[in-house]
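Okay, so here's the structure we're looking at.
In the working numbering, the protein residues as written are 1057 to 1219.
This is the structure:
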């Protein structure tokens, strides 16, 4: 129960800007915060607690909902795994094939194909920390042996994502 309350407090503090991101990052990279259940993503925890009644102003709830909604479209600096990077004549088709193969193997993970003259690139995932990206890298190394981690601007990943 104490871990659940700690996780809730960190989440609410991040949404409201009351908890410094460095503290939340430290909590996420250590065993202090448990892994979150992905079925809770996007739901109000206050409605799910049994035998608990929360009395709060409607202004607080609407402010919290606005903050959560604005964070969902925010882009932040993070990490991705690059599974394809080439500039040969057949690179366009090869990058499409690599992306399709990855999506078939890992349908729940976002994949991005870009062209930065003269390279076609395929990067996958949206990770806040390098250690999260490393877990995916270890899994894809067998199928994509030249894969490596890159630091990029990422889409804001939901808390409790699968990787």
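Ideal Cβ placement from N, Cα and C applies to all residues, glycine included.
Whole-Å CB distance - residue i paired with residue j, under 8 Å assumed
{"i": "residue 1000", "j": "residue 1192", "result": "Residue 1000 cannot be examined here, being either before or after the span of the chain that is shown, 1057 to 1219."}
{"i": "residue 1148", "j": "residue 1175", "result": "Their Cβ separation, rounded to whole angstroms, is 11 Å, which puts residue 1148 and residue 1175 out of contact at 8 Å."}
Residues sharing a beta bridge with residue i, DSSP
{"i": "residue 1208", "result": "1134"}
{"i": "residue 1141", "result": "1177"}
Status (buried if at least 16 other CB within 10 Å, exposed otherwise) for residue i
{"i": "residue 1210", "result": "buried"}
{"i": "residue 1204", "result": "exposed"}
{"i": "residue 1155", "result": "buried"}
{"i": "residue 1116", "result": "exposed"}
{"i": "residue 1125", "result": "exposed"}
{"i": "residue 1078", "result": "Any reading at residue 1078 must be qualified, since the residue scores a pLDDT of 46, below 50, and its modelled position is unreliable; no value is offered."}
{"i": "residue 1131", "result": "exposed"}
Residue of the options minimising C-alpha distance to residue i
{"i": "residue 1152", "options": "1179, 1132, 1134, 1184", "result": "1179"}
{"i": "residue 1133", "options": "1182, 1199, 1197", "result": "1182"}
{"i": "residue 1145", "options": "1208, 1173, 1212", "result": "1173"}
{"i": "residue 1168", "options": "1112, 1141, 1199, 1113", "result": "1141"}
{"i": "residue 1185", "options": "1135, 1206, 1105", "result": "1135"}
{"i": "residue 1158", "options": "1118, 1123, 1143, 1201", "result": "1201"}
C-beta neighbour in chain C for residue i, strict 8 Å
{"i": "residue 1212", "result": "The chain inventory of the structure shown lacks chain C, comprising one protein chain alone."}
Quiz item: In the stretch 1152 to 1201, which residue ranges form an unbroken beta strand (DSSP E) of at least 3 residues, counting only runs that do not cross its ends?
Solution: Complete beta strand (DSSP E) runs here, min 3: 1167 to 1172, 1175 to 1183.
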